[in-house]
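Step one of this worksheet: look at the structure below.
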Amino acid sequence: MLEIENHQINPKMYSPLVLAYIGDVVYELLVREQIVLRANMPVNQLHCHAVEYVCASAQSRAIELIMDLLSEEEVNIYKRGRNANGNHVPKNASPQEYRRATGLEALIGYLYLQKRMDRIKELFAIIWNKLIPTNQES
């Protein structure tokens with residue numbers, strides 16, 4: 008995964024929606040990576056599987072799985088993202104699910120800009136292992 012190098016970035020200076028914007032990409036890449044590692048299949052099938060795990064309802068469930076493991080700082084970033092005023096709620100998600108998903112994405116974006124890929128991978132592994140049944144085939 009690409010990491011921001013040679014830049015001094017203070018992620019606290021970015022709006023929660025900007026953090027969510029970058030966090031969305033990082034999270035989706037992690038999901039796609041896991042799906043590709045599980046099975047070699049046509050791209051349209053890969054896409055359909057990825058959408059199941061990056062949609063707002065799945066991300067809303069994901070944050071619930073890790074909430075108790077977050078530091079105070081991480082919870083604060085999540086809440087900033089969750090409480091951000093976005094304009095658009097997808098038709099396939101409730102406003103609450105969408106807000107929680109935005110909070111998760113903001114947290115991932117914040118950690119990414121802090122260059123804390125180990126923490127992102129740690130949290131994602133917990134999400135992936137609990138959200139995805141181990142006997143499920145992609």
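In our numbering, the protein residues as written are 8 to 145.
Each residue gets a CB set at the ideal place from its N, CA and C atoms; glycine is no exception.
> By the 10 Å Cβ neighbour count, where 16 or more other Cβ atoms means buried, how is PRO23 classified, buried or exposed?
Replying inline: buried
>> Helix, strand or coil, according to DSSP, for TYR105 in the structure here?
In response: helix
>> So, with DSSP's three-state summary, where would you put TYR19?
In response: Reading off the sequence shown, one finds Lys at residue 19, where the question assumed Tyr. Correct three-state label for LYS19: helix.
> Rounded to a whole number of angstroms, what is the C-alpha to C-alpha distance between ALA113 and ALA65?
Replying inline: 15 Å
>> Do ALA57 and GLU71 count as a contact pair if the criterion is CB distance below 8 Å?
In response: no
> Within this structure, are the beta carbons of LEU26 and GLY116 separated by less than 8 Å?
Replying inline: yes
>> At the level of alpha carbons, what is the spacing between MET48 and ALA100?
In response: 28 Å
>> I'd like the span of the alpha helix (DSSP H) that includes HIS56, first residue to last.
In response: 50 to 61
>> Can you list, in chain order, the residues of its chain with a C-beta nearer than 7 Å to that of PRO102? Leave out the 5 residues immediately preceding and following it.
In response: VAL96
> Can you give the Cα-Cα distance for ASN136 and GLU59, rounded to whole angstroms?
Replying inline: 15 Å
> How long is the line joining the alpha carbons of LYS19 and ARG106, rounded to whole angstroms?
Replying inline: 19 Å
> For ILE133, which residues of its own chain have a beta-carbon under 8 Å away from its beta-carbon, when the five flanking residues on both sides are left out?
Replying inline: LEU72, ILE73, LEU76
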